[in-house]
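Here's the structure we're looking at; comments come further down.
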Amino acid sequence: MPDTATAPTKNKQLLDWVQEVVALTEPADVHWCDGSEEEYDQLCQQLVEAGTFTRLNEELRPNSYLARSDPDDVARVEDRTFICAPTEDEAGPNNNWRDPDEMRELLTDLFRGCMRGRTMYVVPFSMGPIGAPVAQIGVQCTDSAYVAVSMRLMARMGAQALAALGDNGAFVPCLHSVGAPLEEGAEDVPWPCNADNKYIVHFTKTREIWSFGSGYGGNALLGKKCLALRIASVMARDEGWLAEHMLILKLTSPDGETKYIAGAFPSACGKTNLSMMVPKLRGWKVETVGDDIAWMRWGEDGRLYAVNPEAGFFGVAPGTGANTNPNAVKMLEKNTIFTNCALTDEGDVWWEGLTKEPPAHAIDWRGNEWTPDSETPAAHPNARFTVAAVQTPSIAAEWDDPAGVPIEAIMFGGRRSKVVPLVTEARDWDHGVFLGSSMSSEKTAAAAGNVGELRFDPFAMLPFCGYNMADYFGYWLSLKEREGAKLPRLFYVNWFRKDDDGKFIWPGFGDNIHVLAWIFRRCDEEAAADDSLLGLVPAEGEIDIEALDVSKDDMRELLNVDPEALRDQLPQMKQHFAQFGDRLPEGISEQMRDLEQRLDQA
Ligand code: OXD
Ligand code: MN
758 MPDTATAPTK
768 NKQLLDWVQE
778 VVALTEPADV
788 HWCDGSEEEY
798 DQLCQQLVEA
808 GTFTRLNEEL
818 RPNSYLARSD
828 PDDVARVEDR
838 TFICAPTEDE
848 AGPNNNWRDP
858 DEMRELLTDL
868 FRGCMRGRTM
878 YVVPFSMGPI
888 GAPVAQIGVQ
898 CTDSAYVAVS
908 MRLMARMGAQ
918 ALAALGDNGA
928 FVPCLHSVGA
938 PLEEGAEDVP
948 WPCNADNKYI
958 VHFTKTREIW
968 SFGSGYGGNA
978 LLGKKCLALR
988 IASVMARDEG
998 WLAEHMLILK
1008 LTSPDGETKY
1018 IAGAFPSACG
1028 KTNLSMMVPK
1038 LRGWKVETVG
1048 DDIAWMRWGE
1058 DGRLYAVNPE
1068 AGFFGVAPGT
1078 GANTNPNAVK
1088 MLEKNTIFTN
1098 CALTDEGDVW
1108 WEGLTKEPPA
1118 HAIDWRGNEW
1128 TPDSETPAAH
1138 PNARFTVAAV
1148 QTPSIAAEWD
1158 DPAGVPIEAI
1168 MFGGRRSKVV
1178 PLVTEARDWD
1188 HGVFLGSSMS
1198 SEKTAAAAGN
1208 VGELRFDPFA
1218 MLPFCGYNMA
1228 DYFGYWLSLK
1238 EREGAKLPRL
1248 FYVNWFRKDD
1258 DGKFIWPGFG
1268 DNIHVLAWIF
1278 RRCDEEAAAD
1288 DSLLGLVPAE
1298 GEIDIEALDV
1308 SKDDMRELLN
1318 VDPEALRDQL
1328 PQMKQHFAQF
1338 GDRLPEGISE
1348 QMRDLEQRLD
1358 QA
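The opening position of the sequence shown corresponds to residue 758 in this note's numbering, with each subsequent residue numbered one higher.
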């Protein structure tokens, strides 16, 4: 058995746990990650030799790599993600629940000997700035070197996290295996995984994570969705703070006044783009604090202060280009790990949307020859980049301030081709919580003139809330009762309204600044609003269409709420809330009744 006597920590709880994991999983070797550059380079080289990584052309994309995953391991697996709370009710209808004892037994059998023939990496990491009171230490034991190097980009990883843990500190144990033991003499594959046997498991009471079978993204980089959202949402509820699936941006007005805004949007709704936006409105500036997760705590002044617990971006590559996100294009110029992108003949990466003109020839994400005439995309639609946060030119100076940034407004949003206006402000806190809890997107692109079936994703937390979502709504409602609380204003935005021909009406991207500017001015009581069925919308003339390619009629349509279309959607909304039964807070039911009454009078 590998020796743990030389381990770089005296933390007994950690040493005991690592020993236990070694005894269970039987790795050939144990490597404690120090997070150094030398270690990173060495592991990357090892991944090149194993065929997992291709080193990209050093002149075109310095210090960068392309990984191709197994085609059966390309995304988070929500149906294989489990919340093992003590009872099913505590997990709620939003989660797959299993009895914790039964799951522990099953996993123990699965993990027995699962690292045979492989090195186990012990990866200590801090979510949140090292040593900050808001930070949480996790330690991931993993048999994937790809995970170890990715964790160095995504979190504060290595010796500094171990030092912050100290001899007696507590940590969240994160056990991960690709579930593919390497028997003696057997040849490895570039992307080992166990495609038919994936388990992403959270023991919420004991705050432990066990992940088996996948090496990809949120299934495997356990600091992100598993710790910073599912486990942290439970911690936050218990300890009186918030762990949310939100971007954090810094907005500066032409007068030099600054506000920080958070935003909850479901996956693939442009959160990364919005957080790095280059505004198309003179004098305004957007800077990035975070693109995916916000941890918010109360400051002494009664405001909510947000930190980005991550240290990197794990963003979707397709659709990222000079038009949609020029800051991201710049940040990806070097020191980046790409996964499931295409490889060009020059040894660079490419994906749909990176350039207008596709390369004449490439190797696609599966490793096959590709030309623009091919029937399948060159990059997988969920192809990703992994890169340190400091590489974006839009990074805000205070992005890693342990004190966090005070949040003045929170945006909710989804993809809705009809009904939901470009922007609405909640009438009050309860109404805002109602807007967040009824967040939804159309399941598929709606046909022209039709309204598609809705997928509800409350607060963009459906796959990430570690407990019963009804209780989560109740927790949000309860925030207003906190003495001295200066709550942020709540907004709902929708960039995705379409006309009857199915064309987007709103230009989006850099022009979203017009909406942010209205939100900014609302916070200062400087902008006018009209009431609509769904909340307060900008009064006519508040959004300066002169500077936009949007006609007066289009603007009216963007802010219009059609009562008939909204009425048609009520049954779906009611069904969504009905799944929570008696546990649904009265505050939400009241808002639903209020909406129905307004519709009756419309
Ligand atoms: C993500 C997601 O990867 O939300 O951030 O799926
Ligand atoms: Mn996300």
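Even for Gly, the Cβ is constructed at its ideal location relative to N, Cα and C.
1) Please name the residue or residues paired with V1043 in a DSSP beta bridge.
2) Exposed or buried, P1328, counting other C-beta atoms within 10 Å across all chains shown (16 or more means buried)?
3) With three or more C-beta pairs closer than 8 Å as the rule, is the stretch 977-986 touching the stretch 1041-1060?
4) Buried or exposed: D924, going by 16 or more other Cβ atoms within 10 Å of its Cβ?
5) Taking only runs that begin and end inside the stretch 1074-1149, name each unbroken alpha helix (DSSP H) of 4 or more residues, in chain order.
6) Give the straight-line distance between the Cα atoms of I1005 and G888, rounded to the nearest whole angstrom.
7) Is R837 near ligand 1, going by C-beta to nearest heavy atom under 8 Å?
8) Give every residue whose Cβ lies closer than 5 Å to any heavy atom of ligand 1, listed in chain order.
9) Taking all protein chains shown into account, decide if N1082 is buried (16 or more other Cβ within 10 angstroms of its Cβ) or exposed.
10) Distance cutoff 9 Å, beta carbons only. Does F1221 sit that close to anything in chain D?
11) Could you tell me the distance, in whole angstroms, from the CA atom of G997 to the CA atom of W854?
12) Any chance the CB of K1028 is under 8 Å from a heavy atom of ligand 2?
13) I want to check one thing, is the minimum distance from the CB of H1188 to the heavy atoms of ligand 2 below 8 Å?
14) What does DSSP give as the partner residue(s) for A824 in the beta ladder?
15) Please classify T809 as buried or exposed, where buried requires at least 16 other C-beta atoms within 10 Å of its C-beta.
16) Does the distance between the C-beta of H788 and the nearest non-hydrogen atom of ligand 2 fall short of 8 Å?
17) Tell me whether I1302 sits in a helix, a strand or coil according to DSSP, three-state version.
18) When the Cα atoms are used, what is the spatial distance from L867 to T1149?
19) Select from N814, T1128, L1236 and N1065 the residue whose C-alpha is nearest the C-alpha of V1162.
20) Out of curiosity, what's the CA-to-CA distance linking G936 and P819?
21) In its own chain, which residues sit with a C-beta less than 8 Å from the C-beta of E777, not counting the 5 before and 5 after it?
22) Give me the Cα-Cα distance between Y878 and K769, rounded to the nearest whole angstrom.
23) Cβ of K982 versus every heavy atom of ligand 2: is any distance shorter than 8 Å?
24) Tell me whether Q893 is buried or exposed, calling it buried when 16 or more other Cβ atoms sit within 10 Å of its Cβ.
25) Ligand 2 heavy atoms versus the CB of H1002: any closer than 8 Å?
26) Run the CB neighbour count on K767, radius 10 Å, all protein chains shown included, and call it buried at 16 or more, exposed below.
27) With distance defined between alpha-carbon atoms, name the residue in E1282, L1315, P1220 and G1078 nearest to W1263.
28) Using 8 Å as the cut-off, classify the Cβ of G942 as near or not near the heavy atoms of ligand 4, replying yes or no.
29) I'd like to know whether the C-beta atoms of E941 and G874 end up nearer to each other than 9 Å.
30) Between the C-alpha atoms of A1140 and C1098, what's the straight-line distance to the nearest angstrom?
31) Let's see if you can read the secondary structure: which residues bound the alpha helix (DSSP H) around F1230?
32) With three or more C-beta pairs closer than 8 Å as the rule, is the stretch 1168-1183 touching the stretch 1248-1261?
33) Which residues share a DSSP beta bridge with W1263?
34) Buried or exposed: P828, going by 16 or more other Cβ atoms within 10 Å of its Cβ?
This is what the structure holds:
1) Bridge partners of V1043: L1008.
2) P1328 comes out exposed.
3) Flag = yes, the stretch 1041-1060 and the stretch 977-986 touch.
4) Exposed is the call here.
5) Taking only runs of at least 4 residues, the alpha helix (DSSP H) segments lying wholly in the stretch 1074-1149 are 1083-1088.
6) Computed Cα separation, rounded: 21 Å.
7) Closer than 8 Å to some heavy atom of ligand 1: that does not describe the Cβ of R837.
8) Every residue with a CB closer than 5 Å to a heavy atom of ligand 1 is listed here in chain order: S1024 and D1049.
9) With 16 or more other Cβ atoms inside 10 Å of its own Cβ, N1082 counts as buried.
10) Absent from the structure is chain D; it holds one protein chain and no more.
11) A direct Cα-Cα distance of roughly 24 Å separates G997 from W854.
12) At least one heavy atom of ligand 2 is found less than 8 Å from the C-beta of K1028.
13) It does not: the Cβ of H1188 is nowhere closer than 8 Å to a heavy atom of ligand 2.
14) Its beta-bridge partners are F810 and T1096.
15) Taking all protein chains in view, the Cβ of T809 is crowded by 16 or more other Cβ atoms within 10 Å, so the residue is classified as buried.
16) False, no ligand heavy atom lies under 8 Å from that Cβ.
17) Helix at I1302.
18) A direct Cα-Cα distance of roughly 40 Å separates L867 from T1149.
19) Just measuring C-alpha positions, the residue of N814, T1128, L1236 and N1065 sitting nearest V1162 is N1065.
20) Rounded to whole angstroms, G936 to P819 spans 32 Å at the Cα level.
21) So the list is empty, once near-sequence residues are dropped.
22) When rounded, the distance between both Cα atoms is 18 Å.
23) The answer is yes for K982.
24) Result: buried.
25) For ligand 2, at least one heavy atom lies less than 8 Å from the Cβ of H1002.
26) By the 10 Å Cβ count, K767 comes out exposed.
27) Minimum Cα distance to W1263 is reached at L1315.
28) The model on display carries ligand 1 and ligand 2 but not ligand 4.
29) Taking 9 Å as the cut-off, the beta carbon of E941 is found closer than this to the beta carbon of G874.
30) Rounded to whole angstroms, A1140 to C1098 spans 6 Å at the Cα level.
31) Annotation for F1230: the continuous alpha helix (DSSP H) segment containing it runs M1226 to S1235.
32) Segments in contact, yes.
33) Under DSSP, W1263 takes part in no beta bridge, so it has no partner.
34) So P828 ends up on the exposed side.
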